[in-house]
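Asker: Residue numbers (the numbering used here), protein chains in the order written: chain A, 1 to 330; chain B, 331 to 660. The beta carbon of each residue, even a glycine, is placed where N, CA and C say it ideally should be.
Protein chains: 2
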Amino acid sequence: MARISDVAKHAGVSVATVSRVLAGQPGVSDAARERVLVSVKALDYHPDLAARRLRSGKTDTLGLVVADIRNPYFTEISRAIEDVAYANGMRVLLCNSDEDAEKERFYLDMLRDENVAGVILSPTLSLLSRFRACDYSFPVVLVDRCAPETEADAVVLDNIDAAQRLMRHLIERSSQRIALFYGTASATGLQRLEGYHSALAAAGLTPQTRAIRPTTTEARAALIEHLREHPLPDAVVASSGLILLGLVEALREAGLRCPDDILLAGFDDQPWTRIVTPDITVIAQPTADIGRSAIELLLARIAQPEQAMRRIVLRGELITRASTSRPIQE
Amino acid sequence: MARISDVAKHAGVSVATVSRVLAGQPGVSDAARERVLVSVKALDYHPDLAARRLRSGKTDTLGLVVADIRNPYFTEISRAIEDVAYANGMRVLLCNSDEDAEKERFYLDMLRDENVAGVILSPTLSLLSRFRACDYSFPVVLVDRCAPETEADAVVLDNIDAAQRLMRHLIERSSQRIALFYGTASATGLQRLEGYHSALAAAGLTPQTRAIRPTTTEARAALIEHLREHPLPDAVVASSGLILLGLVEALREAGLRCPDDILLAGFDDQPWTRIVTPDITVIAQPTADIGRSAIELLLARIAQPEQAMRRIVLRGELITRASTSRPIQE
DNA sequence: CTGTTAGCGCTTTCAC
DNA sequence: GTGAAAGCGCTAACAG
Chain A
1 MARISDVAKH AGVSVATVSR VLAGQPGVSD AARERVLVSV KALDYHPDLA ARRLRSGKTD
61 TLGLVVADIR NPYFTEISRA IEDVAYANGM RVLLCNSDED AEKERFYLDM LRDENVAGVI
121 LSPTLSLLSR FRACDYSFPV VLVDRCAPET EADAVVLDNI DAAQRLMRHL IERSSQRIAL
181 FYGTASATGL QRLEGYHSAL AAAGLTPQTR AIRPTTTEAR AALIEHLREH PLPDAVVASS
241 GLILLGLVEA LREAGLRCPD DILLAGFDDQ PWTRIVTPDI TVIAQPTADI GRSAIELLLA
301 RIAQPEQAMR RIVLRGELIT RASTSRPIQE
Chain B
331 MARISDVAKH AGVSVATVSR VLAGQPGVSD AARERVLVSV KALDYHPDLA ARRLRSGKTD
391 TLGLVVADIR NPYFTEISRA IEDVAYANGM RVLLCNSDED AEKERFYLDM LRDENVAGVI
451 LSPTLSLLSR FRACDYSFPV VLVDRCAPET EADAVVLDNI DAAQRLMRHL IERSSQRIAL
511 FYGTASATGL QRLEGYHSAL AAAGLTPQTR AIRPTTTEAR AALIEHLREH PLPDAVVASS
571 GLILLGLVEA LREAGLRCPD DILLAGFDDQ PWTRIVTPDI TVIAQPTADI GRSAIELLLA
631 RIAQPEQAMR RIVLRGELIT RASTSRPIQE
């Protein structure tokens with residue numbers, strides 16, 4: 001493995017000059033620059049990143065802590081983040097907290113040890129409740145989850161608005177008893193619950209909610225139990241794509257048909273929601289935009305540590321499909 | 331930020347002793363060890379990883395290059411790999427080649443620069459055709475894709491066998507004209523094609539195949555076109571979960587019903603295959619086992635660079651569902 | 001059992 | 001415009 005001194009020797013210059021050329025700094029003659037470049041190629045020289053980091057005290061690594069790597073929503077966001085990161089010459093350490101505050105803590109500590117330049121984080125509820133950007137040695141951008149009072153850069157969906165629009169859509173279609181199955185693990189689920197409540201209150205309807213862990217199996221079990229213990233709702237709604245999948249399984253198992261027996265809607269426009277029968281009305285989230293915005297916020301904060309906090313709120317898109325197809329009530 | 335010398339001073343020992351304690355090395359008195367540990371806590375000391383790596387020449391970072399991060403198959407594998415990696419005190423740099431040989435090259439170079447301890451790779455077809463483990467400065471374990479002659483540690487499904495079993499399942503159910511839609515981007519698709527051919531040949535049936543890029547949209551377009559240009563097949567088969575999704579979309583669009591009009595089967599037991607109507611017969615891959623085996627192979631190779639190459643071949647599980655439900659022919 | 005010390009490879013003054 | 005040299009923080013060889 002060639003080192004910088006080898007390149008210097010080969011090019012007939014000092015290591016300082018080689019370093020300058022590599023860093024693209026001015027103050028090097030064209031002739032010297034040229035010779036260095038040739039030598040780098042000739043020796044197939046690659047700088048030692050560990051040494052560079054030690055010396056410069058900086059890293060070109062970002063951390064990304066998602067709550068569930070198997071959730072396509074987070075995968076798509078990750079994808080967008082990585083594309084931008086690598087295009088900017090930065091690497092991404094992807095961590096999966098699994099909605100577990102302890103694992104989250106572990107990864108955040110690890111990223112601190114790693115001396116990352118910044119972190120994009122979808123916090124667990126427990127962390128979010130006491131989150132302060134200043135508790136970290138690196139800049140943090142929150143993604144997907146953020147409380148109104150949180151002081152941090154963040155990119156989130158307008159969950160309350162999205163949930164309200166989804167509910168109004170249902171209410172316009174004569175739904176009176178709308179059951180919401182929402183995830184308790186995240187601020188997102190809670191905010192969607194809030195939108196649900198306000199929309200139902202505005203229409204004078206009685207809420208009917210089940211708090212669950214946001215997994216497919218749990219959602220499925222919850223709906224089956226709910227159907228056993230309560231009169232049949234007009235409509236069931238999931239606060240996330242994973243929960244929605246569980247509801248579909250349960251309805252299927254119960255032999256209930258949409259939209260004839262019951263209406264169904266949820267969040268996240270995952271590919272399968274288009275191919276099931278019936279296809280499902282959802283709030284689609286602009287995942288690529290979310291990811292891109294998050295890393296742009298982070299890169300901006302790294303460049304300008306002292307700038308004011310920014311929050312980007314994106315709007316969900318209501319995609320109407322057969323699962324809520326029913327004449328609109330005037 | 332406290333440094334090792336601060337800890338040494340605080341504990342009244344030398345930096346060497348601190349280093350020994352931290353590395354868990356023997357040859358330190360209990361008293362000294364105790365004082366060091368106390369000081370580490372008191373000063374909230376965290377070793378500088380860059381310095382450690384520079385000095386020791388080793389990294390505790392692994393690379394994982396998957397062909398498509400949005401494919402649940404790879405996500406599940408990643409998940410298993412990360413769990414094992416972090417449990418062993420190693421970090422994972424996750425890279426997404428997107429089936430693009432150039433991106434793959436970029437990431438492999440980056441991982442080399444990063445001086446990773448090892449890499450788990452699902453190679454593009456173009457790389458696999460000329461792959462030699464010795465071309466890399468780090469150990470490599472292939473996952474999901476591997477040619478018979480490739481000299482490398484690898485964890486793969488027995489694709490030929492799995493495809494054959496799936497075909498025999500169809501043939502037993504009187505299918506005569508089985509159309510296969512397979513991905514050309516990977517060795518996996520090609521091996522499944524091979525199994526398809528041999529099973530059909532054994533039954534004296536004429537093959538009917540379409541080579542496509544392994545995406546949902548492409549699969550969908552291919553089947554629509556196929557239906558327009560050919561007589562209706564008895565059965566259609568997808569060589570991957572993403573392709574299968576496209577086929578479902580196309581059948582739906584064409585108004586064809588399974589299993590009455592046509593049988594349908596594929597690879598990858600993704601959650602949605604259970605909830606569509608009808609639910610779909612698939613070959614399930616043991617993704618968690620694949621991931622776990624891969625990293626175990628890698629860790630073993632890192633520990634024992636010279637040991638013989640090992641290949642782990644796992645068996646797919648045929649899960650029979652309604653999409654191929656039809657009386658069995660005697 | 002413990003401490004001293006020489007670098008790992010690079011960036012960055014500082015002097016020329 | 002260029003080079004010499006001082007470390008970044010740590011590990012490990014060596015001496016005691």
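Given a limit of 7 Å on CB to CB distance, which residues of the stretch 148 to 170 of chain A reach chain B?
Answerer: Those would be none; no residue qualifies.
Asker: In whole angstroms, what separates the C-alpha of V21(A) from that of Q304(A)?
Answerer: Computed Cα separation, rounded: 26 Å.
Asker: Taking C-beta to C-beta, are L121(A) and G63(A) nearer than 9 Å?
Answerer: Closer than 9 Å, so yes.
Asker: Do you know offhand how far A202(A)'s Cα is from R173(A)'s?
Answerer: Cα to Cα, A202(A) sits roughly 15 Å from R173(A).
Asker: Taking 9 Å as the cut-off, decide whether the C-beta atoms of E99(A) and T61(A) are in contact.
Answerer: No, the Cβ-Cβ distance between E99(A) and T61(A) is not below 9 Å.
Asker: Which residue comes first and which comes last in the alpha helix (DSSP H) that contains D83(A)?
Answerer: P72 to A87 is the extent of the alpha helix (DSSP H) around D83(A).
Asker: When the Cα atoms are used, what is the spatial distance from I508(B) to A431(B)?
Answerer: Using only the alpha carbons, I get a separation of about 32 Å.
Asker: What does H230(A) touch in chain B if you count any residue whose Cβ is under 8 Å from its own?
Answerer: What H230(A) touches in chain B: nothing, since even the nearest Cβ is about 23 Å away.
Asker: Run through the DSSP bridge pairs and tell me what F349(A) is partnered with.
Answerer: What the structure shows of chain A is the stretch from 1 to 330, and residue 349(A) is not part of that stretch, so it cannot be assessed.
Asker: Within a Cβ cutoff of 7 Å, which residues of the same chain sit near Q506(B), ignoring the five residues on either side of it in sequence?
Answerer: Closer than 7 Å at the Cβ level, and outside the excluded window around Q506(B), lie L535 and D564.
Asker: Hey, how far is the Cα of S516(B) from the Cα of A595(B)?
Answerer: Rounded to the nearest angstrom, the two C-alpha atoms are 19 Å apart.
Asker: Run through DSSP, which three-state label would R336(A) get?
Answerer: Beyond the ends of chain A as shown, which are 1 and 330, falls residue 336(A); an answer cannot be given.
Asker: Hey, does S359(B) have any beta-carbon neighbour from chain A nearer than 9 Å?
Answerer: It does not: the Cβ of S359(B) has no partner Cβ on chain A nearer than 9 Å.
Asker: Which residues bound the alpha helix (DSSP H) around A565(B)?
Answerer: It is not in any alpha helix (DSSP H) - A565(B) instead sits in the beta strand (DSSP E) that spans A565 to A568.
Asker: Is the shortest distance between the beta-carbon of C425(B) and the beta-carbons of chain A less than 9 Å?
Answerer: Output row for C425(B): interface = yes.
Asker: Quick one: is R274(A) near chain B, going by C-beta distance under 9 Å?
Answerer: True, the Cβ-Cβ gap to chain B drops below 9 Å.
Asker: Beta carbons nearer than 9 Å to chain B: which residues of the stretch 186 to 218 of chain A have them?
Answerer: So the close ones are T216.
Asker: Residues bridged to G118(A) by DSSP?
Answerer: L62(A).
Asker: When the Cα atoms are used, what is the spatial distance from L530(B) to D491(B)?
Answerer: Roughly 13 Å separates the two Cα atoms.
Asker: Determine which residues share a DSSP beta bridge with F511(B) and list them.
Answerer: For F511(B), which the question treats as bridged, DSSP gives the partners R540(B) and A568(B).
Asker: Considering only the beta carbon of each residue, do V473(B) and I407(B) sit closer than 9 Å?
Answerer: Yes, the pair counts as a contact, with Cβ atoms nearer than the cut-off.
Asker: Given a cut-off of 9 Å, decide if G519(B) and P544(B) are closer than it, judged by their beta-carbon atoms.
Answerer: Going by C-beta atoms, P544(B) is nearer than 9 Å to G519(B).
Asker: When you compare the CB positions of G183(A) and R220(A), do they come within less than 9 Å of one another, or not?
Answerer: No. Outside cutoff.
Asker: Under DSSP, the alpha helix (DSSP H) around R91(A) begins and ends at which residues?
Answerer: It is not in any alpha helix (DSSP H) - R91(A) instead sits in the beta strand (DSSP E) that spans R91 to N96.
Asker: Anything in chain A within Cβ reach of I399(B), meaning under 7 Å, just list it in chain order.
Answerer: Ordered by position in chain A, the residues that pass the 7 Å Cβ test against I399(B) are T75, S78 and R79.
Asker: Which residue or residues does DSSP assign as beta-bridge partners of D488(B)?
Answerer: Looking at the DSSP assignment, D488(B) forms no beta bridge with any residue, so it has no partner.
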